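To start, the structure under review is shown below, and the notes come after it.
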Amino acid sequence: MDNSNFYFCDDKKTEHCGVVGAYSKTNKKIAPVLYRAMVSLQHRGQDAAGFVIWDNGLKEKKGIGLVSNIFNENDLEISGSVGVGHTRYPTTGLCMMNDVQPFINNNIAVSHNGQISNYKIVRQNLEARGFKFISSVDSEVIIYILHEKLNEGKTIEEAILYLMKTLDGAYSLTALIGNTLIVFKDPNGIKPLVWGENKELVMFASETVALDANGISYRGDLKGGELAIVRNGKLVIKQLINTVQRACMFEYVYFSRPDSLINGKLVMEVRKNLGRILAREHPVKADVVIYVPDSACTAASEYAHVLDIPHEEGLIKNRYIGRTFIMPAQEKRADAVRMKLNTVKHIIIGKRIVLIDDSIVRGTTIKEIVSLIRNIGAKEIHVRITCPPIRAPCFYGIDMSTYSEFAAHKRTAHEIGKMIGADSLEYLSLEELKEAIGLPICTGCLNENYPTGYAKMLADKQKM
Numbered sequence: 000m001d002n003s004n005f006y007f008c009d010d011k012k013t014e015h016c017g018v019v020g021a022y023s024k025t026n027k028k029i030a031p032v033l034y035r036a037m038v039s040l041q042h043r044g045q046d047a048a049g050f051v052i053w054d055n056g057l058k059e060k061k062g063i064g065l066v067s068n069i070f071n072e073n074d075l076e077i078s079g080s081v082g083v084g085h086t087r088y089p090t091t092g093l094c095m096m097n098d099v100q101p102f103i104n105n106n107i108a109v110s111h112n113g114q115i116s117n118y119k120i121v122r123q124n125l126e127a128r129g130f131k132f133i134s135s136v137d138s139e140v141i142i143y144i145l146h147e148k149l150n151e152g153k154t155i156e157e158a159i160l161y162l163m164k165t166l167d168g169a170y171s172l173t174a175l176i177g178n179t180l181i182v183f184k185d186p187n188g189i190k191p192l193v194w195g196e197n198k199e200l201v202m203f204a205s206e207t208v209a210l211d212a213n214g215i216s217y218r219g220d221l222k223g224g225e226l227a228i229v230r231n232g233k234l235v236i237k238q239l240i241n242t243v244q245r246a247c248m249f250e251y252v253y254f255s256r257p258d259s260l261i262n263g264k265l266v267m268e269v270r271k272n273l274g275r276i277l278a279r280e281h282p283v284k285a286d287v288v289i290y291v292p293d294s295a296c297t298a299a300s301e302y303a304h305v306l307d308i309p310h311e312e313g314l315i316k317n318r319y320i321g322r323t324f325i326m327p328a329q330e331k332r333a334d335a336v337r338m339k340l341n342t343v344k345h346i347i348i349g350k351r352i353v354l355i356d357d358s359i360v361r362g363t364t365i366k367e368i369v370s371l372i373r374n375i376g377a378k379e380i381h382v383r384i385t386c387p388p389i390r391a392p393c394f395y396g397i398d399m400s401t402y403s404e405f406a407a408h409k410r411t412a413h414e415i416g417k418m419i420g421a422d423s424l425e426y427l428s429l430e431e432l433k434e435a436i437g438l439p440i441c442t443g444c445l446n447e448n449y450p451t452g453y454a455k456m457l458a459d460k461q462k463m
């Protein structure tokens, strides 16, 4: 790699992708439906996208970049009334075409959101049985297991049950087996997968915004351990494994669009709860409340309302810079932050500021934002965070993999506050987070309470 350049990445959580599966009960072309859904799920992954459609065989279109840049009008004319789609964010390495989903093997196509914790072991076992891997993505083990079990004569239900018992981790998955759409989630239901139906269409997707874009009514969420099969115009949902559900809390705190419903909860309302409870738990005397764009906006508004403090857009985001961008190596990270964020000076100068953000992972970006605001002329800066300190790795698809990278690793909130240059720093407590979301949640990254055994083992191994 040319050392004259480096990639600047936001100090934010990142997770794999968005998935969609759709079936036309009236045999209309499904390509435009998948396209609209993927555009709606673009926020879940901006590096690559693709869809696969059944039309007397599997037809695919995939590429690197945004959905709108990959597909053209001719692609939306592809025949076929059932298909799956994917938007991708890679947690490690570069985004290569071999890694772009959906994956195809014979008459099976797979689109996966999440991470298989025991991927290395499962892959080694498959390789020992003669399977050749072409990608670095853990989703590939899923398609090979399905292929193997179906070739053994197992039913779809039997093959998926075997897969659920074999894999440890998080997966929300839409797939094609021939012209049959199958959809399933890991037993704990960590990653979201909603579904809807109208007279013409059945759709499963990571968020309800994909349903909304296609005029499909939300009917519910696929539960952990459930399998949905759509064939011959009929939908059947079966519970294969019944265990404790643990939704990813980051879907509500950060990832999902505020206008999405997940597990029956409107994300925007949850974020209002976060801001309201944060104000109750950690009030401060200040002149104005601002937020780090964009996911903290709703919480900041509610925080300000509860404490009767003016709420303003003190930071403006440059929306034409993506998740990563290239800068000369000699430039400082502070300059990178300034390229992506600009201050509204008259809101900040001489003011006591409350700065709301959804979370702190490594602390590098929030430190530069605090410095930016301070240098503009803020009198005080009080940082308030809408989730608890992140102290442990995630093994379920969020790009947080080692203990040492976290700002909260072996540091108190007071120590982190000093590190980032804030006058004060307070986090929402775990119990208050649970109250705000109102659902059983995965808290592995907060308190090491991982819902699966292999993830616990990986965490313990890191600490040895």
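In numbering that gives the first Met the number 0, the protein residues as written are 0 to 463.
Every residue, glycine too, gets a C-beta built ideally from N, C-alpha and C.
Remember, predicted model here, so these are calculated numbers, not experimental data.
Suppose the cutoff is 8 Å on Cβ atoms and the five residues either side in sequence are ignored; what does the same chain contact list for residue i look like?
i	result
THR401	PRO392, GLN461
TYR118	ASP137, VAL140, GLY168
SER216	GLY195, GLU196, ASN197, LEU210
ARG410	MET418
LEU33	VAL19, ALA21, PHE50, ILE52, GLY82, VAL83, GLY84
LYS344	ILE375, GLY376
LEU429	PRO387, THR442, LEU445, ASN446
Tell whether a beta-carbon distance below 8 Å holds between residue i and residue j.
i	j	result
ALA30	GLY82	yes
SER171	VAL18	yes
LYS58	GLY49	no
ILE155	ILE228	yes
PRO191	ILE261	yes
ARG43	THR86	yes
PHE97	ILE133	For the sequence presented, residue 97 should be read as Asn rather than Phe. Result yes, Cβ atoms of ASN97 and ILE133 sit closer than 8 Å.
ALA246	GLY274	no
VAL360	PHE394	no
ASP356	ILE365	yes
ILE289	LEU354	yes
VAL336	GLU311	no
GLN244	PRO101	no
From the DSSP output, read off the bridge partner residues of residue i.
i	result
LEU180	LEU175, VAL229
GLY113	TYR170
ARG351	GLU379
MET87	Rather than Met, the amino acid found at residue 87 in this sequence is Arg. Note: ARG87 sits in a beta bridge opposite CYS16, ALA47.
LEU265	LEU260
ASP356	ILE384
LYS60	PHE50
VAL287	ILE352
Counting only the same chain and skipping the five closest in sequence on each side, list residues whose C-beta sits under 6 Å from that of residue i.
i	result
LYS222	GLY188
ILE176	ILE107
GLU379	ARG351, ASP422
LYS455	TYR449
ASN272	ALA435
THR451	ASP167
ILE240	MET163, PRO186, GLY224
THR173	VAL18, GLY20, VAL83, SER110, VAL182, PHE203
THR442	ASN448
ALA278	TYR302, VAL305, LEU306
GLY232	LYS24
ILE315	ASN341
Between residue i and residue j, what straight-line distance do the alpha-carbon atoms span, to the nearest angstrom?
i	j	result
VAL283	PRO387	18 Å
PHE130	HIS281	54 Å
LYS24	GLY416	56 Å
SER78	ASP54	6 Å
ASP46	PHE249	20 Å
ASP9	ASN213	Because ASP9 sits at a pLDDT of 47, beneath the cut-off of 50, its placement in the model cannot be relied upon, and the point is left open.
LYS164	VAL121	12 Å
ILE308	GLU301	10 Å
LYS184	SER255	18 Å
LYS28	ARG373	55 Å
ALA295	ALA412	19 Å
GLY62	VAL287	44 Å
VAL235	LEU180	11 Å
ASN73	SER67	13 Å
ARG230	GLU199	14 Å
TYR453	MET267	33 Å
GLY396	TYR88	10 Å
VAL201	ASN112	19 Å
SER39	SER205	10 Å
ILE389	ASN178	43 Å
For residue i, which residues in the same chain have their Cβ closer than 7 Å to its Cβ, ignoring the five residues on either side in sequence?
i	result
ASN105	HIS146
GLY376	ILE347, ILE348, GLY349
ALA127	none
GLN41	LEU65, VAL66, THR86
Original post:
At which residue ranges does the region 291 to 317 contain complete beta strand (DSSP E) runs of 3 or more residues, listed in the order of the chain?
Top reply: As far as the region 291 to 317 is concerned, its whole beta strand (DSSP E) runs of at least 3 residues are 314 to 316.
Subject >> Contained beta strand (DSSP E) runs [length at least 3] in the region 125 to 164, N- to C-terminal order >> reply: none
**OP:** Note down, one range per segment and in chain order, each beta strand (DSSP E) of at least 3 residues found wholly within the region 190 to 249.
**Re:** 193 to 196, 200 to 204, 217 to 220, 225 to 230, 233 to 238
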